[in-house]
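S.K.: Let me begin by handing over the structure; questions about it come next.
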Ligand SMILES: [Ca+2]
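Numbering (this note's numbering), first residue to last: 812 to 951.
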């Protein structure tokens, strides 16, 4: 499969889409992210993922979010990736510019709707109660 997506829309328009199951990222992806983090002097705390078929060709891909602690603190930052699936050995990936933690992912054909955690006024920084939405449209 070819990781090709046109645009990460900033419009807050959640689509009518089926929610995908969040799991731990597959071990080969987690191991690769951990090794990459270590090489950069960082640490991987965890990696969550959503398995999906981006272009409807019967092969699976993974949307993965790595979770990284700031050294010496209790806050974390995230990095988000699209990976090819197991059939290609998770061989290729693309980083998605997404500065927030993913709460949920849903797919409606070529449109992926991402629900992100957002801090609302008065929320403690640990525990955002707000949401925002992004859509990712896959182009064949
Ligand atoms: Ca696919």
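Each residue gets a CB set at the ideal place from its N, CA and C atoms; glycine is no exception. Predicted model, so just to flag it, every value in this text is computed and none were measured.
Answer yes or no: the CB of residue 919 versus the heavy atoms of ligand 3, is any distance below 7 Å?
M.R.: What this structure holds is ligand 1, not ligand 3.
S.K.: From what residue to what residue does the alpha helix (DSSP H) around residue 843 run?
M.R.: Sequence index remark: in the chain shown, residue 843 carries index 32 (1-based). Taken as a continuous stretch (DSSP letters only), the alpha helix (DSSP H) holding residue 843 covers 838 to 850.
S.K.: Please report the distance separating the alpha-carbon of residue 815 from that of residue 840.
M.R.: Within the chain shown, residue 815 is the residue found at index 4, counting from 1. Within the chain shown, residue 840 is the residue found at index 29, counting from 1. Note that residue 815 scores 46 on pLDDT, short of 50, meaning its location in the model is unreliable and no value can be drawn from it.
S.K.: Within a Cβ cutoff of 8 Å, which residues of the same chain sit near residue 911, ignoring the five residues on either side of it in sequence?
M.R.: For the purposes of this step, residue 911 is taken as the residue at position 100 of the chain shown. Here the set comprises 889, 927, 928, 929 and 943.
S.K.: Where are the beta strand (DSSP E) runs, 3 residues long or more, that stay fully inside the segment 855 to 915, in chain order?
M.R.: 857 to 863, 872 to 880, 887 to 895 and 904 to 907
S.K.: Over the uninterrupted beta strand (DSSP E) stretch that includes residue 941, give me the two end residues.
M.R.: Stepping through the chain shown from its first residue, residue 941 is reached at position 130. 941 to 949 is the extent of the beta strand (DSSP E) around residue 941.
S.K.: Are the beta-carbon atoms of residue 880 and residue 856 separated by less than 8 Å?
M.R.: In the chain shown, the residue the question calls residue 880 occupies position 69. In the chain shown, the residue the question calls residue 856 occupies position 45. Yes.
S.K.: Is residue 927 near ligand 1, in the sense that its beta carbon is under 7 Å from a heavy atom of that ligand?
M.R.: For the purposes of this step, residue 927 is identified with residue 116 of the chain shown, where counting begins at 1. No, ligand 1 has no heavy atom inside 7 Å of this Cβ.
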